[in-house]
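Asker: Numbering (our numbering), first residue to last: 334 to 1090. Think of the CB as a built atom: it goes at the ideal place given N, C-alpha and C, for glycine as much as any other residue. There's a structure below that I have some questions on.
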């Protein structure tokens, strides 16, 4: 590619045309957060759940509202609470509303069916009796009324799979209704609230990191070059590159989500690292007496292939995430990878022409700083030569420790994993975990076995009783709704409403209630049986205890079912959105290996292309695998758990960290192509690329460290772990890689190209 003045201006004009098109036909900018986009799409569990919710309902389309007072049995409070429930029931988008007001005491006798509300307060005696009955029953405490009887619960079931926009509107209406009442204390938690809160935070963080990215560019360039022209060129080029990248995703309908928050920072620091390489080469040619045009042409012609390869490996590191089965990660990886290539395109298209247009005024101290760097890098190479054995021992010891730390890492994740535990939204969900048995939906699908006619057979109900007892004891759930709940309630109704009769009926009692089964199924507030009654559900809520504990409980449940439940009568399978989130975290090793395998293969191919040697490919891989291993050690030391959003960082870190190795190897190839002996070529490479590698590592690691200001967990850990991995990669490239290459001198001589390619 030519970088003459004319061709550079043609490319600048092309870049301006693209930007003008985006300005004239801007894409629609929209934010979204859908936690279902983190479900593994190729998992049989998702297919199973989709069939389940087609039969019954989506298990997380509800909003929990807790309303508190010093005395929730005060008649004035109950009047207001009832009025609140009525107003909520009338909202468009609300399918049904449930509370303790809807609980009826049903008595079936020879004269018919008698129904009366559990909670009545027409007079003081009625209210006192209702209060005593409610507080003495374990069925309602920590379910529809809090343990200390200072909160009542309303469950608002919104329209199934409501859109983000409709959910936002509905939640605003609900908040408006709550504000019209003078309740002392209210708490809310649910999907429509969480999605709205996430998007608001997304918008704030996206704007924050977009601004801080450009602030970081200005600061870093000033510290490195002490010149305004580098800042001006970089701001223009990177701003254009980021606008191209974001426009691409938005044109294809990709919403800005929790993963997109990182994109401005990632793209800006990768673009800046590329620009620093160009600026360094450009200034070196100017210092050696070349004219501006010669300096631009030589600098860009000489290293553009190396810069392209580094951007390509970084891009492919992100794009390899497309091999995962998680939609949010697939799209983040794809569009970030393409964004890296677009930023590189902006660098190549715009920078040469801008350098022709903008006067270059080199700092007076620039030459002395260049001499300082060359002196220090010579000393560094001599230090590495003298301590080869100690370097190998040191890296081996630390790597063995990190490997042990890797074996200690625990896979664990939560539903609201991306928020800090002290965030207001987390606190609200925790309130319902503590006071009302849980905020996390828990679902089980039931099937009648071959020896049963349907799930309402008495033998099946006895098996189901054992299952529900196990679930309540081990999962510590809220009240359970199931076919058994229906039968127990019917049995209680046929025994004069006696609380003790809320149990599995005897054979005789079961025979007597058969005439009322159809009406009971029809009147039950939640669908728990299919039309043929062969399939059903257990629906409840539990505390979000994390995927690690959930996995242990699930394994315990499977063992219980296999030994204690007759499969000929009943089969039980856990399902639901919470379960899908748990198994998505458990798939981290599979997702991580997919991405890393592709990334390793790409780097091996590039190294093999440069040197035509598989041994050298392996040598290039080793200094870039070690930082990933050390990352595991840091995670263990800091107590960071493996989860879906931290596992992908290994692929991203590898794709970025390997850039320095490619720069090093590309420069070494050029030196060998000039006919130099391997040790001297290695020395020249170390001295010439050492500064650029150190500077780009400082740029990249400090850029990623900025992400630690985020409130989102995935963004915070991306900043922390990737910045540390880049520092580890710097140590490996400047210490371990030269030592390994020295030991393969004979291969260098055999594979040395006759001329630069």
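Using DSSP bridges, identify the partner residues of residue 304.
Answerer: A query on residue 304 cannot be resolved here, the shown segment of the chain reaching from 334 to 1090 and no further.
Asker: Buried or exposed, going by whether 16 or more other CB atoms sit within 10 Å of the CB of residue 918?
Answerer: Buried, because 16 or more other Cβ atoms sit within 10 Å of the Cβ of residue 918.
Asker: Please state if the CB of residue 1038 and the CB of residue 764 are separated by a distance shorter than 8 Å.
Answerer: The answer is no: Cβ separation not under 8 Å.
Asker: Cα separation between residue 963 and residue 1040?
Answerer: Each residue's alpha carbon lies about 20 Å from the other.
Asker: Who are residue 778's beta bridge partners in DSSP?
Answerer: The partner list for residue 778 (beta bridge, DSSP) reads 870 and 906.
Asker: Got a sec, what are the start and stop residues for the alpha helix (DSSP H) residue 680 sits in?
Answerer: 660-690 is the extent of the alpha helix (DSSP H) around residue 680.
Asker: From this set, 499, 422 and 405, which residue's C-alpha is nearest residue 453's C-alpha?
Answerer: Of the candidates 499, 422 and 405, the one whose C-alpha sits nearest the C-alpha of residue 453 is 405.
Asker: Compare the C-alpha of residue 814 against each of 467, 337, 472 and 441 and name the closest.
Answerer: Here the closest residue by C-alpha is 472.
Asker: How would you call residue 601, buried or exposed, if buried means at least 16 neighbouring beta carbons within 10 angstroms?
Answerer: With 16 or more other Cβ atoms within 10 Å, it is buried.
Asker: Quick one: any contact between the stretch 710-719 and the stretch 484-497, if contact means 3 or more CB pairs under 8 Å?
Answerer: Not touching, per the Cβ criterion.
Asker: Can you name, in chain order, every residue of its own chain whose Cβ lies under 6 Å from the Cβ of residue 553, other than the five neighbours on each side?
Answerer: The residues are 1032.
Asker: Less than 8 Å between the C-beta atoms of residue 781 and residue 903, yes or no?
Answerer: Yes, Cβ-Cβ distance for residue 781 and residue 903 is below 8 Å.
Asker: Taking the straight line between their C-alpha atoms, what separation do you get for residue 632 and residue 678?
Answerer: The alpha-carbon atoms of residue 632 and residue 678 are separated by roughly 16 Å.
Asker: Can you give me the Cβ contacts of residue 446 inside the same chain, cut-off strictly under 7 Å, excluding the 5 residues immediately before and after it?
Answerer: Closer than 7 Å at the Cβ level, and outside the excluded window around residue 446, lie 439.
Asker: Cα-Cα, which of 436, 876, 784 and 836 is closest to residue 810?
Answerer: Answer by Cα proximity: 876.
Asker: With distances taken from CA atoms, which of 659, 803, 885 and 583 is nearest residue 980?
Answerer: That would be 659, whose Cα lies nearest to the Cα of residue 980.
Asker: So, under 8 Å CB-CB, residue 1028 and residue 609 are touching, yes? Tell me the CB distance rounded to an integer number of Å.
Answerer: At roughly 6 Å, the Cβ-Cβ gap stays under 8 Å, so residue 1028 and residue 609 are in contact.
Asker: Please state the DSSP three-state secondary structure of residue 650.
Answerer: Three-state result, residue 650: helix.
Asker: Look at the alpha carbon of residue 735 and the alpha carbon of residue 799, and state the distance between them as a whole number of angstroms.
Answerer: Straight-line Cα distance between these residues: approximately 45 Å.
Asker: Near residue 987, what residues of its chain come up, given a Cβ to Cβ distance below 7 Å and the 5 sequence neighbours on each side ignored?
Answerer: The answer, listed in chain order, is 650, 929, 932, 957 and 961.
Asker: Just to confirm the assignment, what range does the alpha helix (DSSP H) spanning residue 982 have?
Answerer: Taken as a continuous stretch (DSSP letters only), the alpha helix (DSSP H) holding residue 982 covers 977-1006.
Asker: Between which two residues does the beta strand (DSSP E) carrying residue 486 extend?
Answerer: Element bounds for residue 486: 484-491.
Asker: Which word fits residue 397, buried or exposed, when buried means at least 16 other C-beta atoms lie within 10 angstroms of its C-beta?
Answerer: Under this definition residue 397 is a buried residue.
Asker: Would you mind sorting residue 339 into buried or exposed? The rule is 16 or more other CB atoms within 10 Å of its CB.
Answerer: Exposed.
Asker: Smallest Cα separation from residue 873: which of 444, 805, 906 and 886?
Answerer: Nearest option by C-alpha distance: 805.
Asker: Once the 5 residues before and after residue 674 are set aside, which same chain residues still bring their CB inside 7 Å of it?
Answerer: These residues qualify, in order along the chain: 644 and 648.
Asker: Please return the same chain residues whose Cβ sits closer than 7 Å to the Cβ of residue 336, not counting the five positions on each side in sequence.
Answerer: Excluding sequence neighbours, residue 336 sits near 629, 630, 633, 634 and 685.
Asker: I believe residue 573 touches residue 683 by the beta-carbon criterion, under 8 Å. Please report the beta-carbon distance rounded to the nearest angstrom.
Answerer: Right, their Cβ atoms sit about 6 Å apart.
Asker: Among all the DSSP beta bridges, which residues are the ones paired with residue 875?
Answerer: According to DSSP, which records beta bridges pairwise, residue 875 is partnered with 773.
Asker: Quick one: Cα of residue 669 to Cα of residue 1009, how far?
Answerer: Near 40 Å, if we compare the C-alpha coordinates of residue 1009 and residue 669.
Asker: Mind checking whether residue 395 and residue 532 have CB atoms under 8 Å apart?
Answerer: Result no, Cβ atoms of residue 395 and residue 532 do not sit closer than 8 Å.
Asker: Would you tell me roughly how many angstroms separate the C-alpha atoms of residue 951 and residue 897, rounded to the nearest one?
Answerer: Near 53 Å, if we compare the C-alpha coordinates of residue 897 and residue 951.
Asker: According to DSSP, simplified to helix, strand and coil, what is residue 799?
Answerer: Of the three classes helix, strand and coil, the one that applies to residue 799 here is helix, per DSSP.
Asker: Are there 16 or more other CB atoms within 10 angstroms of the CB of residue 527, so buried, or fewer, so exposed?
Answerer: So residue 527 ends up on the buried side.
Asker: Contact between the stretch 349-363 and the stretch 574-594: three or more CB pairs below 8 Å?
Answerer: Short answer: they touch.
Asker: Which first and last residues belong to the beta strand (DSSP E) in which residue 383 is found?
Answerer: That residue, residue 383, is in no beta strand (DSSP E); its alpha helix (DSSP H) goes 377-388.
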